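Okay, structure first, notes after.
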Amino acid sequence: MTPEELKGLLLVSSIKIGVVFAVIMIGVIMIIWVERRGSALLQDRLGPNRVGPLGLLQNVADGLKNFTKEEVMPLQADPVIFVMAPMMSFVAAMLLFAVVPFAAPLPPFDVTLPLIGHVVHEGPVAMVIANLPVGFLFILAVSSIAVYGIVLAGWSSNSKYAFLGALRASAQMISYEIPLAMSLVVVLLLAGNVPLGDIIAFQQQTTWFVFAATLSWLLFHVATFAETNRMPFDLAEAEAELVAGFHTEYSSMKFAMFFIAEYTGLITMSALIATLFFGGWDIPFTTWDEQEATNWSFGTLFRVGMTNLFFIGKTFFFAWVYIWVRWTVPRFRFDQVMHLGWKILLPISLGYIVVMASAVLVLERLGMVHDWKYGMALFAVNVPLVALCVFGLDRDRLLLGARLRSQAET
Amino acid sequence: MAITVKVMKRPEHEVSYLRATLKGLALTFSHLLRPSVTMQYPEQTATDDWTLSPRWRGTHRMLTDEQGRSKCVACGLCPQICPANCIKLVPGEDEQGNRYPLIYEIDEFRCVFCGYCQEVCPEEAIHVGVHYENAEYERGRFVYDLERLCAQTHPVSTLWDPSDPKGQ
Ligand code: SF4
Ligand code: SF4
């Protein structure tokens, strides 16, 4: 790598990091606003509407408030871990976004800039902070780090509520990590590789994986609810039972860090669902967005902008689904959560891997090329599977209602 | 499983998770489209279907006669009946033998707004009012003296139906 290329790489990376960080922070503020206003609308209220137009600046005001509030450190708390825990949550949530591509690639460049001089970037500039070869494995690894933040927070506060919250979080998040990873095995089987860029490219070639791996999407979606600690699986902070769960003892900006981490996780998980199952920045029914970016024309920039808009739109849609579900479904009981995770999601995802692996093998043997027909063939496999699962779950066959379970026991 | 659960007998369509969840989602979504019922409080203090009840018992008000003196004759009934013991009354007498309150104070912080003082007052002097915006910056300001009680202008509470005072 020549010094010019190194400079180009550093320049591009730092710009991307800065922009993504800023956009996520603004996105978090926006999503919290949407959550508050949206929940208000769902409950026939208005929500915060005083600070700024439509209450948009309410969260900025709340952030400032959190900065100026007194920081309470419990006497019995472990000071080092107590301070580190919110950082761990926050960093783990932010790190996830590093591998999510958010637009079509920009063309290569070769320019001379003031101050830094001649910079070169060979090949298209991928619109992702780190185009890691390990792809979503990185996501699985880092998202399990997030649980350390919660567990350590609960443990170090030396409070029984926080500790109970932490215990629940560890049990719950570890058990949902498994169906989460298992549902992604199918994506790996289809796309044949783990980097998210390759997965998007494969979806552009065939169909979105929501068709090719519908059940996978359903499992992943349910598991991410538990992974982001949101209703109906927010047992770690169950307000009704545990005061505020793992962050009971936290105040001021340390509490706000957990809050931001939670919503960053929400955005990231929505972005992941959009990327893994809904084509990422792909614009449906068109191919013009998939052309190789070669020159800095207006068309290229417009294309990048449009793909980015589509990505943001999809992410926002799934974030809204999270919010919508949160204000609809009440919290599960803890044994129900464990039951759902271990006895329902895990067997379904394992069985699904077997079925999809066979289906992929059959299609390969038939010599099908990877185009939309390939995706539709897989969709045809998926429809009866989904129907079967829905039927099984709905008729109390797998997920016994309390009534049927008591009948079965007596 | 160690947890014992009280099991309700419910029809199958109610215990089905998926249908119930989808129904719930549809229900909450339908609420998105409904108008909100929020009253924009400081600007708006009443809506079409809600106003403060005329029987609302809020900030006290002492009524005055034509000369602007308080109607209170310092009979001592209201401090006697007050369950919160928050009325302070020191009676005085002028040259004509008319009793009047030398000191009359109500601690609005201790008051439970039961309205007994208004009910018991033989002169219809002290009243609870249809008024609630009595926030202050200092605790001391919540002790209303006679002058302040007389200076209140809000409507007084109607504790009984004027056409049927005995409640028959
Ligand atoms: S309203 Fe009740 S509590 Fe308040 S001052 Fe009158 S009698 Fe006392
Ligand atoms: S009951 Fe009425 S007249 Fe008697 S002391 Fe109280 S306010 Fe005065």
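Which chain is which? The protein sequence lines are Z and R, in order. If you're matching positions, the first sequence starts at 1 in my numbering and goes up one per residue. If you're matching positions, the second sequence starts at 1001 in my numbering and goes up one per residue. Glycine is no exception: its CB is placed at the ideal position from the N, C-alpha and C atoms. Nothing here was measured: the structure is a model prediction, and the numbers come from that model.
Residue i in three-state terms, based on DSSP
i	result
lysine 254/Z	helix
tyrosine 161/Z	helix
tyrosine 1144/R	strand
tyrosine 1100/R	strand
alanine 103/Z	strand
aspartate 1107/R	strand
lysine 1088/R	strand
tryptophan 296/Z	coil
glycine 367/Z	coil
valine 119/Z	strand
glutamate 1066/R	coil
threonine 268/Z	helix
tryptophan 1050/R	strand
valine 1112/R	coil
glutamate 1123/R	coil
valine 1156/R	strand
Neighbour list for residue i in chain R, Cβ cutoff strictly below 8 Å
i	result
arginine 45/Z	Ser1036, Val1037 and Thr1038
tryptophan 324/Z	Leu1025, Thr1028 and Phe1029
Limits of the alpha helix (DSSP H) - the one that residue i falls within
i	result
glutamate 35/Z	3–42
lysine 65/Z	58–68
glycine 1058/R	Segment 1058–1062 is the beta strand (DSSP E) holding glycine 1058/R; no alpha helix (DSSP H) there.
methionine 94/Z	79–95
arginine 1171/R	In the structure as shown, chain R starts at 1001 and stops at 1168, and residue 1171/R therefore has no counterpart that could be examined.
glutamate 337/Z	Here residue 337/Z is valine; the residue named in the question, glutamate, does not match the sequence. It spans 334–338 - the alpha helix (DSSP H) in which valine 337/Z sits, taken as one unbroken run.
glycine 197/Z	196–205
cysteine 1078/R	1077–1081
glutamate 241/Z	239–242
Host beta strand (DSSP E) of residue i (start-end)
i	result
phenylalanine 136/Z	It is not in any beta strand (DSSP E) - phenylalanine 136/Z instead sits in the alpha helix (DSSP H) that spans 136–156.
valine 222/Z	First-last for valine 222/Z: 214–227, but that is the alpha helix (DSSP H), not the beta strand (DSSP E).
alanine 126/Z	125–127
phenylalanine 278/Z	Run containing phenylalanine 278/Z: none; DSSP gives neither H nor E here.
leucine 113/Z	109–113
valine 1128/R	1126–1129
Neighbour-count burial assignment, residue i, 16 or more Cβ in a 10 Å radius
i	result
arginine 1139/R	exposed
tyrosine 1137/R	exposed
asparagine 1098/R	exposed
methionine 1039/R	exposed
arginine 365/Z	exposed
tryptophan 281/Z	buried
glutamine 172/Z	buried
aspartate 234/Z	buried
glutamine 1118/R	buried
asparagine 59/Z	buried
lysine 69/Z	exposed
tryptophan 208/Z	buried
glycine 154/Z	buried
phenylalanine 102/Z	buried
tyrosine 1041/R	exposed
glycine 1068/R	exposed
asparagine 382/Z	buried
leucine 6/Z	exposed
leucine 378/Z	buried
histidine 247/Z	buried
threonine 1004/R	exposed
Beta carbon proximity, residue i to chain R, threshold 7 Å
i	result
threonine 328/Z	yes
leucine 393/Z	yes
Neighbouring residues, chain Z, relative to residue i (Cβ below 8 Å)
i	result
histidine 1031/R	Leu41, Leu42, Gln43 and Asp44
CB contact below 7 Å: residue i versus chain Z
i	result
glutamate 1022/R	In the sequence under discussion, the amino acid at residue 1022/R is leucine, which differs from the glutamate named in the question. No, leucine 1022/R does not count as interfacial toward chain Z.
leucine 1159/R	no
threonine 1045/R	no
Partners in chain R for residue i, counting only beta-carbon separations shorter than 7 Å
i	result
valine 111/Z	Correct list: empty, because the minimum Cβ distance to chain R is about 49 Å.
valine 390/Z	Leu1018
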